[in-house]
Amino acid sequence: MVDARGYLCPMPVIMVQKEVKENAPATLEVLVDDECAKENVTRFGKSQGYNVAVEDTDDGFKLTFTK
Amino acid sequence: MKKINAKVNLLVIISGVVVGLASLLLTFLGNPKNMGFCIACFERDIAGALSLHSAAKVQYLRPEIMGIILGAFIIALVTKEFKPKAGSSPATRFILGAVVMIGALAFLGCPLRMVIRIGGGDVNAMLALLGFVLGVYIGTFFLKRGFNMKRAYKATLVEGFSMPAVAVALLVLGITAPAVIKMSVEGPGSMHAPFVIALVVALVVGALAQKSRLCMVGGVRDVILFGDFKLLYGFVAIIVTIVIGNLIMGNFNLSMLSQPIAHSSTLWNILGMMIVGWGSVLLGGCPLRQLVLAGEGNGDCAITVFGMIIGAAMSHNFGWAGNPDSVTELGEYVVGGISNGGKIAVVVCIALVLIISILNCKKESKKNG
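Following this line, the structure appears as structure tokens:
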């Protein structure tokens, strides 16, 4: 799980990139709280070969990466 | 996926073209040449209009700044992206905002004006681009090594509305009490497009910049960090639009000398824009992006904008801003540049950005370790 809520871009993508690079998880949940971070993290996930599911939460979005 | 990317890229390119056209239009209607839409210059002019500095040639309540904030604010409200938040190292952001402005005024322009000047054939701006890219590269170096100003949290509506409210207040002040506002009678501050037209154009630019996430720093940064060219397309679209527009209007002049409101002191142009690139990467976006995010309700970006305005006031009160090249009555070309105080200020700003970069990385590494 990467909690990137409250971070301005590009920080959410950097945090996810670090997690993917270090642990190469098969699935990964990412929390973001703005539209820009949602778009950028989704684009990054897809560029890394993940399917990305987006779910609305109380304070933003939960992005679920699956291979 | 490719279709989604193409749609996203198209919006950024359209935004870049509109910003380019807006710049050409506002220049045609009276804004200073090669300065159709400079965030740093216009915040500096607002600082002067509010008597925060007394440089008589650069005082005007530029409606472009308020228009960008309110354009972004309105579109964010409509699309439910308006989210008040704040609390990510506000004092550090204020200082970085001031530092970025001091660097920008040493060069005489923000990244957007750098791009506009490149589109006008200004070789000084092309050389400054090297400094800008170097600054962005250094900034990303620290981002990759854990630079972190900590997260922001959900804030009150009052916090979120603060920047749009300031923008409205400035417009009301300008319309109802113009005698309170200082206005240049000569120099760049005296050159301006009609108030209402500039405001309307800026509202459109602000809305488009919000939707497309257009950011001059982000364009270079994302290529370095992720190999993502999305935002760079906007950067290039502005240059291409302005080159074509200037060629059509006969305003393209490929030269280092005799460029409008520019100096050819190359080292200080490069160092000034290096500070802007570096500081803006740490802040999460260029001066234009800070205005847009402040309009979206981000209090941290609002405090950055206030820092920039104070940085502009300091630059002019202490004589640190760049002096344009000029020609004497005898026809002698005088190279401008910055004063010795300005050179010291630039060096101090580089040291400040370096210290902020290092210290914010150290905290992170200690926690992880």
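If you read the protein sequences in the order shown, they are chains A and B. Numbered by this note's numbering, the letters in the first sequence go through residues 1 to 67 in order. Numbered by this note's numbering, the letters in the second sequence go through residues 1001 to 1369 in order. Idealized CB from N, CA, C, for every residue including glycine.
Proximal chain B residues relative to E35 (chain A), where beta-carbon distance stays under 7 Å: E1081
CB-CB length for E1159 (chain B) against E35 (chain A), believed under 8 Å: Contact flag wrong, Cβ pair sits at about 19 Å.
Residue from A:M1, A:K62, A:F61 and A:L8 with nearest C-alpha to A26 (chain A): A:M1
Residue-chain proximity (Y1137 (chain B), chain A), Cβ-Cβ < 8 Å: no
Alpha-carbon to alpha-carbon, L1143 (chain B) and E55 (chain A): 28 Å
Inter-residue CB distance, I1164 (chain B) and G1285 (chain B) (contact presumed, cutoff 8 Å): Per the sequence shown, residue 1164 (chain B) should be read as Pro rather than Ile. Not quite, the Cβ-Cβ distance comes to about 18 Å (not below 8 Å), so this is no contact.
Cα-Cα separation, E1364 (chain B) to I1350 (chain B): Reliability of the predicted coordinates at E1364 (chain B) is poor, the pLDDT of 47 falling under 50, and the value obtained from them is presented with this limitation in mind. When rounded, the distance between both Cα atoms is 22 Å.
Buried or exposed by the 16-neighbour rule on C-beta atoms within 10 Å, applied to N1368 (chain B): Unreliable positioning characterises N1368 (chain B) in this predicted model, as indicated by a pLDDT of 46, which lies under 50. The coordinate reading is nonetheless provided below. By the neighbour-count rule (16 or more Cβ atoms within 10 Å), N1368 (chain B) is not buried but exposed.
Residue range of the beta strand (DSSP E) that includes A1198 (chain B): From DSSP, A1198 (chain B) is part of no beta strand (DSSP E) but of the alpha helix (DSSP H) over F1195 to S1212.
Member of B:K1057, B:L1021 and B:A1104 whose CA lies at the smallest distance from the CA of G1189 (chain B): B:K1057
G1277 (chain B), DSSP secondary structure in three states: helix
CB contact flag (K67 (chain A), G45 (chain A), <8 Å): no
Neighbourhood of C1110 (chain B) by C-beta distance below 6 Å, restricted to the same chain and skipping five residues each side: C1038, I1039, A1040, A1104 and P1287
Start-to-end residues for the alpha helix (DSSP H) that takes in N40 (chain A): E35 to S47
M1273 (chain B) beta carbon less than 8 Å from that of M1101 (chain B): no
Best match in B:V1018, B:M1066, B:L1029 and B:G1016 for proximity to V1305 (chain B) [C-alpha to C-alpha]: B:M1066
8 Å contact criterion, which A1106 (chain B) and I1338 (chain B) should meet: CB distance rounded: 5 Å
Residues, ordered as in the chain, of the segment 1088 to 1099 of chain B that lie near chain A by beta-carbon distance below 8 Å: S1088
Y1333 (chain B) in three-state terms, based on DSSP: strand
Where the segment 1112 to 1144 of chain B meets chain A: residues whose CB sits under 8 Å from a CB there: L1143 and K1144
For C1301 (chain B), the nearest candidate out of B:R1117, B:L1283, B:C1361 and B:G1311 (CA to CA): B:L1283
Cβ of K1367 (chain B) within 8 Å of any chain A Cβ: Caution applies to K1367 (chain B), whose pLDDT of 46 falls short of 50 and renders its modelled position unreliable; the value that the coordinates give is listed next. No, its Cβ sits nowhere closer than 8 Å to a Cβ of chain A.
8 Å contact criterion, which L1254 (chain B) and G1121 (chain B) should meet: CB distance rounded: 4 Å
6 Å CB neighbourhood of L1171 (chain B) in its chain, flanking five on each side removed: M1066
Neighbourhood of Q1210 (chain B) by C-beta, 8 Å cutoff - its chain only, sequence neighbours within 5 removed: G1071, A1072, I1075, A1076, E1081, V1292, G1295 and E1296
Where E1159 (chain B) sits in the DSSP three-state scheme: helix
Residues near A1047 (chain B) in its chain [Cβ-Cβ closer than 7 Å; skip 5 each side]: H1053, I1309, A1312 and A1313
8 Å contact criterion, which C1215 (chain B) and R1289 (chain B) should meet: CB distance rounded: 4 Å
DSSP bridge partner residues for K1154 (chain B) (one or two, in chain order): B:K1085
Contact the segment 1220 to 1227 of chain B vs the segment 1017 to 1025 of chain B: 3+ CB pairs below 8 Å: no
Reference I1138 (chain B), options B:V1180, B:S1280 and B:I1069, closest by Cα: B:S1280
Buried or exposed by the 16-neighbour rule on C-beta atoms within 10 Å, applied to M11 (chain A): buried
Contacts around V1168 (chain B), its chain only, beta-carbon distance under 8 Å, and the 5 residues preceding and following it disregarded: M1066 and L1070
Proximal residues, the segment 1188 to 1204 of chain B versus chain A, C-beta separation under 7 Å: none
Beta-carbon gap between V41 (chain A) and V16 (chain A) smaller than 8 Å: yes
Selected residue, minimal CA-CA separation from I1344 (chain B), among B:L1359, B:S1315, B:S1326 and B:I1118: B:S1315
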